[in-house]
């Protein structure tokens, strides 16, 4: 029997480590990390993409409106003609202009595929507070994958490993009193449900495969 002891870690525990995000410019993997400021005792978050060479801090992002204030969230949930499955898609785009002209999706039940126009669905305005975005720039987390009930995502491989240990455990114990701010206590009930364990572990495996290809930040 696998046992997991929850010591009350929070999202803040993982946000100080490098966070893998999707670059809003080239759509490839980028990183948000804490950069030390010369002559000072604190750090500042910085965005960096090794693919398109974009590199800036929060001040530059605000001055140039680099994705934070104009993001949209696209959610597609359309029934398939087979009546047993659906075409589902969840994604955050830092700018409305980044939404693709079409999305090719496969039915969750049968092999059927369909080319869907995102403009036929409501594009919900995002304020930088979407659940699968980084806490500093509001960019979509690179380690994100969809399951039947929603999204499974992580800031970095460290958080992903911790989530896997929690989901895999047959027995979960808590060593703290205040659960309101703890990471695991704030997970949706469907994520913690034993009925969904197999599906979520498969999703975590997909994310681990993505994480294995991440280039280390320099």
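Residue numbers (this note's numbering): 81 to 298. By construction, the Cβ of each residue, glycine as well, lies at the ideal position given by its N, Cα and C atoms. No experiment lies behind these values; they were computed from the predicted model shown.
Exercise. Taking just the CA atoms, how far does residue 113 sit from residue 146?
Worked result: As a working mapping, residue 146 is identified with position 66 in the chain shown. As a working mapping, residue 113 is identified with position 33 in the chain shown. So the alpha carbons of these two residues sit roughly 17 Å apart.
For this session: State the Cα-Cα distance for the pair residue 98 and residue 167, rounded to the nearest angstrom.
Result: The residue you call residue 98 lines up with position 18 of the chain shown. The residue you call residue 167 lines up with position 87 of the chain shown. So the alpha carbons of these two residues sit roughly 33 Å apart.
Exercise. For residue 216, which option in 89, 101, 288 and 85 has the closest C-alpha, if you only look at C-alpha atoms?
Worked result: Here the question's residue 216 lines up with position 136 in the chain shown. Nearest neighbour of residue 216 by Cα position, chosen from 89, 101, 288 and 85, turns out to be 101.
Exercise. Considering only residues of the stretch 113-138, which uninterrupted alpha helix (DSSP H) runs meet the minimum length of 4 residues and lie entirely inside it, listed in chain order?
Worked result: none
Problem set entry | Nonlocal neighbours in the same chain, by C-beta distance under 6 Å from residue 87, ignoring five residues either side | For the purposes of this step, residue 87 is taken as residue 7 along the chain shown, with counting starting at 1. 255, listed in sequence order.
Exercise. How about residue 189 and residue 218: do their beta carbons lie closer than 8 Å?
Worked result: Taking the chain shown and counting its residues from 1, the one referred to as residue 189 is at position 109. Taking the chain shown and counting its residues from 1, the one referred to as residue 218 is at position 138. No, the Cβ-Cβ distance between residue 189 and residue 218 is not below 8 Å.
Exercise. Whose C-beta lies closer than 7 Å to the C-beta of residue 173 among residues of the same chain, with five residues either side of it excluded?
Worked result: Here residue 173 refers to the residue found at position 93 of the chain shown. Cβ neighbours of residue 173 beyond the five flanking positions: 151, 152, 154 and 179.
Exercise. Are residue 264 and residue 246 close, meaning C-beta to C-beta below 8 Å?
Worked result: For the purposes of this step, residue 264 is taken as the residue at position 184 of the chain shown. For the purposes of this step, residue 246 is taken as the residue at position 166 of the chain shown. It is a contact, given that the beta carbons lie within the stated cut-off.
Exercise. Do residue 156 and residue 211 have their C-beta atoms closer together than 8 Å?
Worked result: To locate residue 156, count along the chain shown from 1; it is residue 76. To locate residue 211, count along the chain shown from 1; it is residue 131. It is not a contact, given that the beta carbons lie outside the stated cut-off.
Problem set entry | Beta-carbon proximity of residue 103 to residue 121, cut-off 8 Å | As a first step, residue 103 must be located in the chain shown, where it is residue number 23. As a first step, residue 121 must be located in the chain shown, where it is residue number 41. Going by C-beta atoms, residue 103 is not nearer than 8 Å to residue 121.
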